[in-house]
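In the working numbering, the protein residues as written are 376 to 527. Using N, Cα and C, we set each Cβ at its ideal position, and we do this for glycine too. This one's a predicted model, so the numbers in the text were calculated from it and none came from an experiment.
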């Protein structure tokens, strides 16, 4: 009887993670844009779907974005390193959970004792009604010597 409980405890997490299968995920295209402003909001993540949110985010600056067709997403943070971090972004939609997931892998470059701030802002097609946006940021360290070798 105890052996069956142990096996169940080992298999349960595997079953749980299988519920998050990538079958439900749709990769979403995005476009980075250069911002000439900084986040006005206190949050490190932004979701802008309407003009009111845009003014709160960018102030009175005019941005050439049609918010009837587009959603602005963004995140910011800080890391150490010798130069600005490498940031890889993936945006997926999970229709089964009514979620958009923004996954950001942030790679600190080198081991310098500097604090480097970063922000990324980008657009996607308008998010579906009643969907939430979740941000996941993962931080990694890349040794600069490895980067130099990679660029050869």
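Comparing C-alpha positions only, which one of the options sits nearest to residue i?
{"i": "residue 444", "options": "514, 405 and 481", "result": "405"}
{"i": "residue 403", "options": "512, 513, 508 and 517", "result": "508"}
{"i": "residue 407", "options": "438, 449, 432 and 426", "result": "449"}
{"i": "residue 457", "options": "479, 441 and 490", "result": "490"}
{"i": "residue 516", "options": "462, 432 and 429", "result": "462"}
{"i": "residue 503", "options": "433, 469, 434 and 418", "result": "469"}
{"i": "residue 514", "options": "487, 465 and 455", "result": "455"}
{"i": "residue 464", "options": "488, 433 and 494", "result": "494"}
{"i": "residue 500", "options": "487, 433, 440 and 427", "result": "440"}
What does the alpha-carbon distance come out to for the pair residue i and residue j?
{"i": "residue 453", "j": "residue 496", "result": "15 Å"}
{"i": "residue 510", "j": "residue 471", "result": "17 Å"}
{"i": "residue 473", "j": "residue 505", "result": "7 Å"}
{"i": "residue 498", "j": "residue 430", "result": "16 Å"}
{"i": "residue 557", "j": "residue 484", "result": "As shown, the chain starts at 376 and ends at 527. That puts residue 557 outside it, with no answer to give."}
{"i": "residue 417", "j": "residue 432", "result": "10 Å"}
{"i": "residue 427", "j": "residue 438", "result": "13 Å"}
{"i": "residue 488", "j": "residue 434", "result": "34 Å"}
{"i": "residue 486", "j": "residue 492", "result": "15 Å"}
Report the three-state DSSP secondary structure of residue i (helix, strand or coil).
{"i": "residue 417", "result": "coil"}
{"i": "residue 491", "result": "strand"}
{"i": "residue 440", "result": "coil"}
{"i": "residue 404", "result": "coil"}
{"i": "residue 504", "result": "coil"}
{"i": "residue 515", "result": "strand"}
{"i": "residue 427", "result": "helix"}
{"i": "residue 486", "result": "coil"}
Might you give, ordered along the chain, the residues of its own chain that have their beta carbon closer than 7 Å to the beta carbon of residue i, omitting 5 neighbours on each side?
{"i": "residue 512", "result": "450, 452, 479 and 481"}
{"i": "residue 467", "result": "400, 401, 402, 403 and 476"}
{"i": "residue 419", "result": "450, 451 and 452"}
So, under 8 Å CB-CB, residue i and residue j are touching, yes? Tell me the CB distance rounded to an integer number of Å.
{"i": "residue 424", "j": "residue 442", "result": "6 Å"}
{"i": "residue 421", "j": "residue 447", "result": "7 Å"}
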